[in-house]
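Chemist: In this text, residue positions in the sequence shown follow the UniProt record's numbering: the first is 1, and each later residue adds one. Beta carbons: idealized from backbone N, C-alpha and C, even for Gly. In this text, all values refer to a predicted model and were calculated from it rather than measured experimentally. Questions regarding the structure given below will be posed in turn.
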Amino acid sequence: MPKLRRVHLLAAAAITTAVVIGSSTLGPTRPGVEEDQPEEQPAATQSDEDQMNAWIDETLGGMSLEEKVGQIFVTYAHGPTADGAHPDNVTEFGVETPAEVVQRYHLGGVVYFNWSDSFENPVQVAELSNGLQEAALSSGAEIPLVISTDQEQGVVTRFGEPATQFPGNMALGAGRSADDAREAAAITGQELRAVGINQDYAPVADVNVDPANPVIGVRSFSQDPALVSQLVTAQVEGYQDSAGREQTVSSAIKHFPGHGDTNQDSHESLPTIDHTLEEWRELDAPPFAAAIEAGADVVMTGHLLTPELDDSGMPATLSPDILTGLLRGELGFEGVISTDSLQMEGVREQHDDARIPVLALQAGVDQLLMPQDLGVAVEAVIEAVHSGELTEERIEESVRRVLKLKWNRGIISTPLVDVARVDELVGNDEHLATAQSITDRTTVALRNDSDLLPMETPESVLVTGPDASALSALAGSLAERGVEVQQLPTTTSPSETEIEEAVDSAADHDLAIALTNAAWNESKSGQLDLVRSLAESEVPLVAVATRDPYDAAYVDEATTWLATHSIGRQAMESLTKVVLGEIAPVGELAVTVPDPENPDTDRYPFGHGLTWSVPE
């Protein structure tokens, strides 16, 4: 897929920057975006600051070098309980239980994933968190943990239902509401904190310049730096300032200096981004600057090669010019700099696992996330101090930032959570209703050439596409309204046989709804053939891009296209409401959808979105 035109984007950035300069809001803004600033949070008193610094000084003074080094490492541990043995812990860490991983390496933090068996249900997560905190508090320097996860919402969601789910960043970009973005982050953060997670690697601050970006895409709010800036600012406020510090989470914005203009995935390779310093300042930097102004606790690095910003050949994670020069110097960030996962090929392509943590610390990193071999990484840092390559003062500088975060986020004062309150706080009726209301404002109508929508409730509908969970959710929403529904899941790139079956099945129904998911990707192009074949049949068709909206540019035969940016249950409920005329679509594209054959032509321009009236 072709890139968006950089000249066009730079011009747009210049216009929106001019709007920002003339604005009196906390962060960049743009016309048409709802903005309601939250109440200003009271600043810490001088005595609080003095108390914190005295505690940090005393704590550092009593720590061994090994304990200081442990504070700057964050990794996972396998298993749903703190004291349960898991064979993968023995293989990777030389001990049996998650608690023993924390204690052996004096860890400063732990990160939760589904694949590490951290998430089974909210009460279990809370008990796991408490168990790990108790392990940290009963060993070494007795400092509680930063407990993290990636709960961006949308395509990157670790903490699933019954926790409240939102449709993700590009959907919020389509909704154009800073209030909604702030509220989504507030609910997400408060539910995380209720189960003991006190840091969220969110929001994504990348500006999605390249439609073929395989790793960011709908994780970004938009291609527009000002819109991304405003919604990132709102989410930082929601995560960090929506309640007391014991009820909120640290926000880690990512992936500095900006991962939006590449068609490579840094999990698998080292992407090169050729933005000049001027382009970086206009396209990539504004969301990070806005988030820093809003007080973001953490900035996560991207494993990116940026030769116009640093000609050393080092990825940004290991670059003093990027981290100390641009992030600390130009943007004035004083908080914690965290790496992205050090297991990713983007950072391991050039250096071995013992060199990476040392180089990262020399570049200005404070928190080392998920080294490939924790024991090797810890020992490498300790040896670098003994050899003089790193000073102990440099380690203490990072530990001081980590401890300050833990103090300011209430982790020191309140490390444990009340397990008895988890079910009351996580996925409650109020949160679920708010999530649905926000999602209802994010659906984009791209085409409605034949005025098919809104339609009266059909008797029977075929729903088809590659995501069984989305089909099930959509079928459930339709069935609740008395519609007879046939679900026909397909593979990610349907075969001719699958397509023929779908067309034959559609003939027995009043309507077909075909869901696509990144069908613009060549490996998934069979989805486009499915939509095309259904469109050429005699059955009315609603085609729905459930991830990137770019799919809609590839099938002209389909005259009714919607975009939900999400396969989640809430998005499928909103889709049902739009199709049946219960609500009008009010979302606007947060990215331009270019013509696949002519990248200089916009098939659907930024801000496009049809709407229509519905009965009161």
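Tell me the DSSP secondary structure of V579 in three-state form.
Modeler: helix
Chemist: Express the C-alpha separation of I197 and L60 in angstroms, rounding to a whole number.
Modeler: 24 Å
Chemist: For S222 versus G154, is the C-beta spacing smaller than 7 Å?
Modeler: no
Chemist: With D600 as the anchor, note down where its beta strand (DSSP E) starts and where it stops.
Modeler: N598 to Y604
Chemist: Helix, strand or coil, according to DSSP, for L283 in the structure here?
Modeler: helix
Chemist: Is the CB-CB distance between A477 and E582 below 7 Å?
Modeler: Going by the sequence as given, residue 477 is Ser instead of Ala. In this structure, E582 does not lie closer than 7 Å to S477 by Cβ.
Chemist: Using only alpha-carbon positions, find the residue among S139, A141, G140 and L145 that is nearest to L128.
Modeler: If you compare the alpha carbons of S139, A141, G140 and L145 with that of L128, the shortest gap goes to L145.
Chemist: Quick check: the Cα distance between A535 and A445, rounded to an integer number of angstroms?
Modeler: 17 Å
Chemist: Only counting runs of 4 or more residues, tell me where the alpha helix (DSSP H) segments fall wholly within the segment 354–422, in order along the chain.
Modeler: 355–363, 374–387 and 392–408
Chemist: Buried or exposed: which applies to N169, given that a residue is buried once 16 or more other Cβ atoms fall within 10 Å of its Cβ?
Modeler: buried
Chemist: V399 and Q71 - do their beta-carbons sit closer together than 7 Å?
Modeler: yes
Chemist: If I measure Cβ to Cβ from A114 and keep anything under 7 Å in the same chain, skipping five residues before and after, which residues do I get?
Modeler: According to the sequence displayed, residue 114 carries Asn and not Ala. Same-chain partners within the cutoff: R158.
Chemist: Evaluate contact between the segment 481–497 and the segment 457–467, counting only Cβ atoms and requiring at least three cross-stretch pairs below 8 Å.
Modeler: yes
Chemist: Report the three-state DSSP secondary structure of S139 (helix, strand or coil).
Modeler: Annotated three-state conformation of S139 is coil, per DSSP.
Chemist: Given a threshold of 16 other Cβ atoms within 10 Å of its Cβ, counted over all protein chains shown, does R421 qualify as buried or as exposed?
Modeler: The residue in question, R421, is exposed, as its Cβ has fewer than 16 Cβ neighbours within 10 Å.
Chemist: What alpha helix (DSSP H) runs, 4 residues minimum, are completely inside the segment 438–522?
Modeler: 468–479 and 496–506
Chemist: Alpha carbons only, please: which of D210, E183 and V555 is nearest the one belonging to Q240?
Modeler: The option with the nearest alpha carbon to Q240 is E183.
Chemist: In whole angstroms, give me the CA-to-CA distance for R104 and P98.
Modeler: 10 Å
Chemist: Might you give, ordered along the chain, the residues of its own chain that have their beta carbon closer than 7 Å to the beta carbon of S525, omitting 5 neighbours on each side?
Modeler: S493 and A519
Chemist: Any idea what DSSP makes of I72, helix, strand or coil?
Modeler: In this structure, I72 counts as coil in the three-state DSSP scheme.
Chemist: Going by C-alpha to C-alpha distance, which of A558, T546, L359 and F93 sits closest to D321?
Modeler: L359
Chemist: According to DSSP, simplified to helix, strand and coil, what is G22?
Modeler: Confidence in G22 is poor, its pLDDT being 32 and thus under 50, which makes the residue's placement unreliable; the coordinate value appears in the next sentence. Under the three-state reduction of DSSP output, G22 falls in the coil class, being neither helix nor strand.
Chemist: Please go through the same chain and pick out, in chain order, the residues whose beta-carbon is closer than 7 Å to the beta-carbon of V336, but skip the five residues on each side of it.
Modeler: D297, V298, D366, Q367, R401, V402 and L405
Chemist: Taking the alpha helix (DSSP H) that P225 falls in, what are its first and last residues?
Modeler: P225 to D241
Chemist: The alpha helix (DSSP H) with V614 in it runs from where to where?
Modeler: Element bounds for V614: n/a, residue is neither H nor E.
Chemist: Enumerate in chain order the residues of its own chain whose CB-to-CB distance from I253 is below 6 Å, with the five nearest sequence positions on each side excluded.
Modeler: Only A205, A291, A296 and V299 meet the Cβ criterion.
Chemist: Could you have a look at N322 and say whether DSSP puts it in helix, strand or coil?
Modeler: For the sequence presented, residue 322 should be read as Ile rather than Asn. Correct three-state label for I322: helix.
Chemist: What would DSSP say about L610, mapped onto helix, strand or coil?
Modeler: Collapsing the DSSP output to three states places L610 in a strand.
Chemist: Name, in chain order, the residues that DSSP records as bridge partners for Q199.
Modeler: S148 and S250
Chemist: Tell me whether W561 sits in a helix, a strand or coil according to DSSP, three-state version.
Modeler: Look at W561 here: in three-state DSSP terms it is strand.
Chemist: Could you tell me which of P271, D224, E246 and T317 sits nearest to P286, measuring between CA atoms?
Modeler: D224
Chemist: Beta-carbon within less than 7 Å of D88's beta-carbon, same chain only, minus the 5 sequence neighbours each way: which residues are those?
Modeler: H78
Chemist: Am I right that I147 and V110 are in contact with their C-beta atoms under 8 Å? What's the rounded C-beta distance?
Modeler: 5 Å
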